[in-house]
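Q: Would you mind keeping the following structure in view while I ask a few things?
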Amino acid sequence: HLLVITRHDPPWPMHRLRLEGRIAELRSDTITFDAEEAHELFALLGIELSASDIAGLVARTQGWAAGLRLAALGAAYAEDPSEYIRTLSGRTGYIADYLMREVYQKLSTRWQDFLDTVSIVDVVCADLATAVGAGTDSAEILAELARQNAFVHELGNRPGWYRLHPLLLDFLRSRVSDAPRRLRLNRGAAQWFMTQGHPLTALRHALAAQDWELAGQLIGTHVVTWTVRRPPDELARTLSALPREAVLTHAGLAMGLAAARTMAAQPDGVQELVDATASQIHQIGGRRRRRYDFLLELIAFGNARWTGDLESVLAGCRRMPTDPAVLGTLGMADWAAIAVLLVSNAGSCEMWLGEQDSAQRHLRYAAEQDLGPQIVLPILNARAHLAYLLWEQGELTGAETMARTALDGFSGAGLAQAVQAAPAYLALSGVALDRDDLAAAGDWLRLFEPTGREPHTALAARMMEARLLRATGRGFDAMGVVKEALSASGRWPLPARLVREAELLRAALETGTPQAGEPSGGEVAGGDPSAGAAPDTVRGRVLGALDDALAGASDDPSGQADQTPHGSTSREARLAALEESLRAASGEGLRRPFLDAAEAVRPLLVDVIERGTADPSFAVDLLSRMSDPQPGPKGRRHALLMPLSARETHVLRFLATSMTNHEIAEAMYVSVNTIKTHQRSIYQKLGATSRREAVTHAREAGLI
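Shown next, in the form of structure tokens:
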């Protein structure tokens, strides 16, 4: 057997040896270290590092054994091994010395100059190498360097493209100390990537070359793409790091930073940038001028969103063209995303302003778009707002699904705290509140806080907080929250519909009125979550029927008269209305309107359960969530032989319905025999011999 260790293939007929099975090859993908092996190596050397430090080191060295050993050598003598590993590079220390002596100095001068030149880019092909000045023989040099395994590797999925080892790349870049040459190389790379259709890479090199004019042209063409398909604060951070004078004296840079900050909800300084752009565009003509005018108008009304001036935003969205043919004449890249951006923002504004039909149409259109695998912020924005709209309308299941879909998208893009995500958190808080999961409602409201930078979402959140406080019995605190929110809202041009909803909620808290009552034009007194809940929505049907059910309850506390002196609705009609309300609410688990009006609803609910209801399980669940009733003012109270357990009380409420034992067992997720056991115990404790008699005694005892 012959063992050969070599950096590159030996001059043998390798293809024949492979075919004849006479050779076994262990290549770099086999002998490089993974994280587990690297951790074992450092443990054997007595160097303790965290898993994240090891993972970062393996990524930087790409599992190169000698690199790991040199890193360990340096870490062994460092005061802080972890810090040493985190800051390890190819520029200094043992690794730089090794790369210099064992790699760089063993290459010819021509190859050294070639590597210095192409190190300006992350990956390189022959055409790119030639464009940055590496010579017309770039293809041959790249192939030979890769064959010699001189830390240059051809990309398996991109034939003809090569990458340098990250540590060698770092080492080489530290050697390009000639500033004019570095600028020239970056400028050549920027021009090449721009002509090849890679504008973002071209922008990075244009900025590195300090070619502000080229960078401005790239931004002016692609800024919308870079702020809706990528986290907008990335571009904002990049441009904010540039010299202030360069930004303010180049229209494209100033406008790009203004657009990025607007999309990232960072309005500070945007007006100065807009003014700087406007002062310069008179020198620009043709299609580029029309494009800049379009973008400036987009920035102007887009920035109004963060101040709560949604009427201006909506007017701007309706004024701007969405026709692909028109947008194409501006030379805008990614016109499809621009159209979705305008439709999504229009729908968001319409929702907050109370134009529910058009809001739903526009938000659904934008939410259902598929513009590729990259994030498209307007689509996520539409999904978050559509979730809130569905919650307002009482479609809790759809709201929850849409909100979670939106938040998954935001989270996957690293934008969990983006301002556009705020309505999704509010929708989930509202869904939990409506379903009487108060702990979850509070959790979602806390997650909302970092995103609540828009005045209108902040007001909506304070109202949600007040409803949650009221649900937990802290009505006085809830009233304080709403009053404070209304006082603060005067600083912003907030939607009148939203302010009206807050005023209704304050009035309900001050008077202690229940949730339902006094419907007018789709608005519900008591500050219901949707002051715009149309009658044909789930919430509108629930609240409208509940209003009818509670009509006249204050005139006839006993609920026994067929007609009150003031003409209130008869009890029969009220029971029918309550049944209608329950039917509308049960499918979505919409409990909150009934629970907020528990005192008035309870006696009617008991009667509805006894008479028979379409969803007795939902009705009994509501009754069990309401506080225990006070003893009735009339009639003999039956003396219990023994108190009922909580489980028996729950079963008793089902016995008051028309449900069979089998149906009760299914509703409670227990066996029929278990129900029968509870039933016998209930009869014994109530001194009853039948189901009807047990319910009668329970009513006399004030148990149901």
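Here the working numbering is used: the first residue of the sequence shown is 824, the next is one more, and so on. Beta carbons are placed, not taken as given, at the ideal position from N, Cα and C, and that holds for glycine. Here the structure is a predicted model, which means the values were calculated and not measured.
(1) Please name the residue, chosen from Ala1264, Val1429, Asp1430 and Val1518, that lies closest to Glu1471 on a Cα-to-Cα basis.
(2) Would Asn1496 be called buried (16 or more neighbouring beta carbons within 10 Å of its own) or exposed?
(3) Select from Leu1446, His1485, Ser1481 and Glu1486 the residue whose C-alpha is nearest the C-alpha of Gly1525.
(4) Apply the 10 Å Cβ neighbour rule to Met1482 and answer buried if 16 or more other Cβ atoms are within range, or exposed otherwise.
(5) Assign Tyr1492 to one of two classes, buried (16 or more other C-beta atoms within 10 Å of its C-beta) or exposed (fewer than that).
(6) Let me check understanding here. Comparing Cα to Cα, which of Leu991, Leu840, Leu987 and Arg845 lies closest to Thr915?
(7) State the CB to CB distance for the pair Val1136 and Ala1082, rounded to an integer number of angstroms; the pair is presumed to be in contact (CB under 8 Å).
(8) Under the DSSP definition of a beta bridge, which residues are partnered with Arg986?
(9) If the criterion is Cβ atoms closer than 8 Å, does the pair Gly1413 and Val1361 meet it?
(10) Give the range of the alpha helix (DSSP H) segment to which Gly1303 is assigned.
(11) Could you check the C-alpha separation between Gly1253 and Val1474 for me, to the nearest Å?
(12) Under a Cβ-count criterion, where at least 16 other Cβ atoms within 10 Å of its own Cβ denotes burial, should Gln1216 be classed as buried or exposed?
(13) Judging by CA-CA distance, which residue of Thr1334, Arg1053 and Val1424 is the nearest neighbour of Asp1371?
(14) Report the three-state DSSP secondary structure of Ile846 (helix, strand or coil).
(15) The alpha helix (DSSP H) with Asp1266 in it runs from where to where?
(16) If you draw a straight line from the alpha carbon of Gly1235 to that of Asp1056, how long is it in whole angstroms?
(17) Does the distance from the CB of Gly1275 to the CB of Ala1301 come in under 8 Å?
(18) In the DSSP assignment, find the unbroken alpha helix (DSSP H) run with Gln1179 in it and report its ends.
(19) Of the residues Ser1468, Leu1249 and Glu1422, which one's Cα is nearest the Cα of Met1287?
(20) Can you tell me which of Asn1009, Gly1510 and Ala1330 puts its alpha carbon nearest to the alpha carbon of Pro1466?
(21) Just tell me which of Trp1158, Trp1214, Pro1144 and Pro1147 has its CA closest to the CA of Met1174.
(22) Are the stretch 1253-1263 and the stretch 1100-1118 touching, with three or more C-beta to C-beta distances below 8 Å?
(23) Does the stretch 945-965 come within contact of the stretch 975-993, defined as at least 3 CB pairs closer than 8 Å?
(24) Taking only three categories from DSSP, how would you classify Met1491?
(25) Whole angstroms are fine: how far does the CA of Leu1212 sit from the CA of Glu1178?
(26) Assign Arg841 to one of two classes, buried (16 or more other C-beta atoms within 10 Å of its C-beta) or exposed (fewer than that).
(27) In the DSSP assignment, find the unbroken alpha helix (DSSP H) run with Leu1080 in it and report its ends.
(28) Identify which residue in Arg1394, Asp903, Ala1357 and Thr1024 has its Cα closest to the Cα of Leu1373.
(29) Beta-carbon within less than 7 Å of Asp993's beta-carbon, same chain only, minus the 5 sequence neighbours each way: which residues are those?
(30) If Ala1407 sits next to Ala1368, beta carbons under 8 Å apart, how far is it from one beta carbon to the other, in whole angstroms?
(31) Does Trp835 pass the burial test, meaning 16 or more other C-beta atoms within 10 Å, or should it be called exposed?
(32) Determine contact between the stretch 1259-1270 and the stretch 1300-1314, defined as no fewer than three beta-carbon pairs at a distance below 8 Å.
(33) State the Cα-Cα distance for the pair His824 and Gly869, rounded to the nearest angstrom.
(34) Going by beta carbon distance, what residues of the same chain come within less than 6 Å of Pro1380, once the five residues before and after it are set aside?
(35) Does DSSP put Ala1348 in a helix, a strand or coil?
(36) When the Cα of Leu1121 is compared with those of Leu1037, Ala1162, Ala1264 and Ala888, which residue comes out closest?
A: Concretely, from the data shown:
(1) On the sequence shown, position 648 is the one that residue 1471 refers to. The residue from Ala1264, Val1429, Asp1430 and Val1518 with its alpha-carbon nearest to that of Glu1471 is Val1518.
(2) Taking the sequence shown and counting its residues from 1, the one referred to as residue 1496 is at position 673. With fewer than 16 other beta carbons inside 10 angstroms of its own, Asn1496 counts as exposed.
(3) In the sequence shown, counting from the first residue as 1, residue 1525 sits at position 702. The shortest Cα separation from Gly1525 among Leu1446, His1485, Ser1481 and Glu1486 belongs to Leu1446.
(4) Sequence index remark: in the sequence shown, residue 1482 carries index 659 (1-based). Burial call: buried.
(5) The residue given as residue 1492 occupies position 669 in the sequence shown. Exposed.
(6) Taking the sequence shown and counting its residues from 1, one reaches residue 915 at position 92. Out of Leu991, Leu840, Leu987 and Arg845, Leu991 has the C-alpha closest to the C-alpha of Thr915.
(7) Numbered from 1 along the sequence shown, position 313 holds the residue referred to as residue 1136. Numbered from 1 along the sequence shown, position 259 holds the residue referred to as residue 1082. With a Cβ gap of about 15 Å, Val1136 and Ala1082 do not count as contacting.
(8) For the purposes of this step, residue 986 is taken as the residue at position 163 of the sequence shown. DSSP lists Val946 and His976 as the bridge partner or partners of Arg986.
(9) Counted from its first residue, the sequence shown places residue 1413 at position 590. Counted from its first residue, the sequence shown places residue 1361 at position 538. According to the sequence displayed, residue 1413 carries Leu and not Gly. For Leu1413 and Val1361, yes; Cβs fall inside 8 Å.
(10) Start at 1 with the first residue of the sequence shown, and residue 1303 comes out as number 480. For Gly1303, the enclosing alpha helix (DSSP H) begins and ends at Gly1298 to Ser1312.
(11) Position 430 of the sequence shown, counting from 1, holds the residue named residue 1253. Position 651 of the sequence shown, counting from 1, holds the residue named residue 1474. Their Cα atoms are separated by approximately 30 Å.
(12) Position 393 of the sequence shown, counted from the first residue, corresponds to residue 1216. Buried, since its Cβ has 16 or more Cβ neighbours within 10 Å.
(13) Position 548 of the sequence shown, counted from the first residue, corresponds to residue 1371. Cα-wise, what sits closest to Asp1371 is Val1424.
(14) Along the sequence shown, read from residue 1 onward, the residue named residue 846 stands at position 23. Collapsing the DSSP output to three states places Ile846 in coil.
(15) Here residue 1266 refers to the residue found at position 443 when the sequence shown is read from its first residue. Where Asp1266 is concerned, the enclosing alpha helix (DSSP H) stretches over Leu1261 to Phe1271.
(16) Walking along the sequence shown from the start, residue 1235 turns up at place 412. Walking along the sequence shown from the start, residue 1056 turns up at place 233. Rounded to the nearest angstrom, the gap between the Cα atoms of Gly1235 and Asp1056 is 16 Å.
(17) Numbered from its first residue, the sequence shown carries residue 1275 at position 452. Numbered from its first residue, the sequence shown carries residue 1301 at position 478. Going by C-beta atoms, Gly1275 is not nearer than 8 Å to Ala1301.
(18) Mapped onto the sequence shown, residue 1179 falls at position 356. Following the DSSP letters along the chain, one finds Gln1179 inside the alpha helix (DSSP H) bounded by residues Gln1179 to Ala1190.
(19) Along the sequence shown, read from residue 1 onward, the residue named residue 1287 stands at position 464. Out of Ser1468, Leu1249 and Glu1422, the CA that lies nearest to the CA of Met1287 is found in Leu1249.
(20) As a first step, residue 1466 is located in the sequence shown; it is residue number 643 there, counting from the start. When each option's Cα is compared against that of Pro1466, the closest is Gly1510.
(21) Sequence index remark: in the sequence shown, residue 1174 carries index 351 (1-based). For the residues Trp1158, Trp1214, Pro1144 and Pro1147, the minimum Cα distance to Met1174 belongs to Trp1214.
(22) Cβ pair count under 8 Å is below three, so no.
(23) In short, these stretches touch, since the Cβ pair count reaches three.
(24) In the sequence shown, residue 1491 corresponds to position 668, counting from 1. If DSSP states are grouped into helix, strand and coil, Met1491 belongs with the helices.
(25) As a position in the sequence shown, residue 1178 is number 355, starting the count at 1. As a position in the sequence shown, residue 1212 is number 389, starting the count at 1. Near 11 Å, if we compare the C-alpha coordinates of Leu1212 and Glu1178.
(26) Residue mapping note: residue 841 aligns to position 18 of the sequence shown, counting from 1. With fewer than 16 Cβ atoms within 10 Å of its Cβ, Arg841 is classed as exposed.
(27) Within the sequence shown, numbered from 1, the residue matching residue 1080 stands at position 257. Ala1074 to Met1086 is the span of the alpha helix (DSSP H), which, as asked, contains Leu1080.
(28) Here residue 1373 is taken as the residue at index 550 of the sequence shown, counted from 1. Distances from the CA of Leu1373 to each of Arg1394, Asp903, Ala1357 and Thr1024 were compared; the closest alpha carbon is that of Arg1394.
(29) Position 170 of the sequence shown, counting from 1, holds the residue named residue 993. These residues qualify, in order along the chain: Ser912, Gly913 and Arg914.
(30) Looking up residue 1407 in the sequence shown gives position 584. Looking up residue 1368 in the sequence shown gives position 545. Your pair Ala1407 and Ala1368 checks out as a contact, with CB atoms roughly 7 Å apart and the cut at 8 Å.
(31) On the sequence shown, position 12 is the one that residue 835 refers to. So Trp835 ends up on the exposed side.
(32) Flag = no, the stretch 1259-1270 and the stretch 1300-1314 do not touch.
(33) Stepping through the sequence shown from its first residue, residue 824 is reached at position 1. Stepping through the sequence shown from its first residue, residue 869 is reached at position 46. Computed Cα separation, rounded: 36 Å.
(34) Locating residue 1380 in the sequence shown gives position 557, counting from the first residue. Confidence at Pro1380 is low in this model, with a pLDDT of 48, below 50, so the placement of that residue should be treated as unreliable; the coordinate-derived value is given next. Excluding sequence neighbours, Pro1380 sits near nothing in its chain.
(35) In the sequence shown, residue 1348 corresponds to position 525, counting from 1. Note that Ala1348 has pLDDT 36, beneath the 50 cutoff, so the model's placement of it is unreliable and no number is given.
(36) Within the sequence shown, the letter at position 298 stands for residue 1121. Taking only the C-alpha atoms, the option nearest Leu1121 is Ala1162.
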